[in-house]
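Asker: The following block contains the structure, expressed as structure tokens.
In this note's numbering, the protein residues as written are 29 to 381.
As structure tokens, then:
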């Protein structure tokens with residue numbers, strides 16, 4: 029009697045699963061641990077790679093680094109060499125790898141907190157600043173899905189060296205008053221030049237934005253990431269701004285801010301300090317800077333010694349002799365008064381007798 033084909037297939041699958049279980053049981057525990065750690069190494073390698081675009085956000089009162097699902101798929105297509113570290117599992121596709129990472133708690137699926145459009149916006153933010161854990165299903169998805177790393181990132185060597193360098197820099201700043209005069213000048217002019225460059229850049233950037241917003245109705249920020257908290261060095265100095273996705277401003281608001289700008293400029297011109305006041309402010313600041321640059325421990329010690337009153341030895345001796353003479357005269361006067369009192373007492377007693 030022939031057995032059904034379905035039963036044979038089930039028996040084959042069952043036998044293959046038992047064989048695989050037996051083969052896994054034969055593997056030593058150390059090799060199994062190494063195989064489990066391959067995905068940890070893969071996750072660390074992918075996180076350190078700059079090809080996967082990521083951002084930082086706040087999730088349940090903690091800062092996390094996250095990426096988008098579609099970016100992970102495109103990254104795996106453009107960087108297939110990253111899967112070589114998985115060895116036997118290197119033939120898995122991006123979705124399967126992400127599901128394994130989710131199962132090992134190396135990733136967690138997140139969702140945006142704000143799901144409604146703000147006034148004046150055409151679509152939701154591409155990179156939300158606040159996230160929450162996705163409660164429905166911790167599975168990989170490409171469509172509007174965010175995934176945050178759950179393990180701590182290994183710090184590179186330069187960050188470790190920088191952590192030791194900061195206390196040295198703090199101590200050097202505290203010892204600035206005892207620097208030689210030439211070193212003080214170098215530090216002062218370097219810091220003043222850097223500060224002036226930063227302020228000039230921010231001022232020109234704001235003037236360009238205001239002019240284009242008033243005249244053309246466009247929001248154009250040159251160096252858009254110059255004030256970003258989390259940005260790479262390349263993104264920090266990116267000059268050209270992104271495309272403006274918001275609605276153009278109304279002509280009434282543009283006219284209002286134009287009037288405000290004209291009024292502010294006129295008030296500044298009217299109440300600007302005159303030449304005498306500017307010279308006085310400049311002289312005062314120059315005196316402060318000169319005091320800082322010319323101060324030294326030697327001058328401080330010499331100033332303290334000069335402020336002390338001089339001690340005259342002859343005057344001190346005369347004062348001591350005068351004090352001794354006054355003490356002797358006081359003692360003689362005391363003896364005389366006592367002698368007079370005794371004489372009076374004797375005369376009174378004689379009269380009575």
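For every residue, glycine included, the Cβ atom is placed at its ideal position computed from N, Cα and C.
This structure is a prediction, so every number in the text was calculated from the model and none was measured.
Do you know offhand how far residue 288's Cα is from residue 80's?
Answerer: Distance between the alpha carbons of residue 288 and residue 80: 44 Å.
Asker: The ligand ATP and residue 213: does any heavy atom of the ligand fall closer than 7 Å to the residue's C-beta?
Answerer: Here there are no bound small molecules, and the ligand ATP is not part of this structure.
Asker: Can you grab the Cα-Cα spacing for the pair residue 291 / residue 236, in whole Å?
Answerer: So the alpha carbons of these two residues sit roughly 19 Å apart.
Asker: My assumption, with CB atoms under 8 Å, is that residue 129 sits in contact with residue 120. Please give the rounded CB distance.
Answerer: Not quite, the Cβ-Cβ distance comes to about 11 Å (not below 8 Å), so this is no contact.
Asker: I need the straight-line Cα distance from residue 70 to residue 185, nearest angstrom please.
Answerer: When rounded, the distance between both Cα atoms is 20 Å.
Asker: With 16 as the cutoff for other CB atoms within 10 Å, does residue 85 come out buried or exposed?
Answerer: Counting Cβ neighbours within 10 Å, residue 85 comes out buried, since at least 16 surround it.
Asker: Under 8 Å, do residue 241 and residue 195 count as touching if we go by C-beta distance?
Answerer: Result no, Cβ atoms of residue 241 and residue 195 do not sit closer than 8 Å.
Asker: Name, in chain order, the residues that DSSP records as bridge partners for residue 309.
Answerer: Answer is none; residue 309 lacks a bridge partner.
Asker: Measuring CA to CA, which of 115, 149, 283, 97 is closest to residue 171?
Answerer: For the residues 115, 149, 283, 97, the minimum Cα distance to residue 171 belongs to 97.
Asker: Who pairs with residue 96 in a beta bridge, going by DSSP?
Answerer: Answer by DSSP bridge pairing, in chain order: 174.
Asker: Does DSSP put residue 159 in a helix, a strand or coil?
Answerer: It is a strand residue.
Asker: Using DSSP with H/G/I as helix, E/B as strand and the rest coil, what is residue 84?
Answerer: Strand, per DSSP.
Asker: Can you name the residues that DSSP bridges to residue 91?
Answerer: Partner(s): 86.
Asker: Tell me the residue span of the beta strand (DSSP E) that contains residue 139.
Answerer: Here the beta strand (DSSP E) through residue 139 covers 135-140.
Asker: Please identify the residue among 218, 245, 208, 251 whose C-alpha is closest to the C-alpha of residue 229.
Answerer: Ranking 218, 245, 208, 251 by Cα distance to residue 229 puts 251 first.
Asker: Using the C-alpha atoms, what's the distance from residue 201 back to residue 192?
Answerer: Each residue's alpha carbon lies about 15 Å from the other.
Asker: If you reduce the DSSP assignment to three classes, tell me which class residue 207 lands in.
Answerer: Three-state DSSP puts residue 207 in coil, outside helix and strand.
Asker: What did DSSP end up calling residue 248 once you bin it into helix, strand or coil?
Answerer: In the structure shown, residue 248 sits in coil (DSSP, three-state: anything other than H, G, I, E or B).
Asker: If we ignore side chains and look at the alpha-carbon of each, how far apart do residue 67 and residue 156 end up?
Answerer: Roughly 27 Å between the two C-alpha positions.
Asker: Excluding the 5 residues preceding and the 5 following residue 207 in the sequence, name in chain order all residues of the same chain whose CB lies nearer than 8 Å to its CB.
Answerer: Here the set comprises 215.
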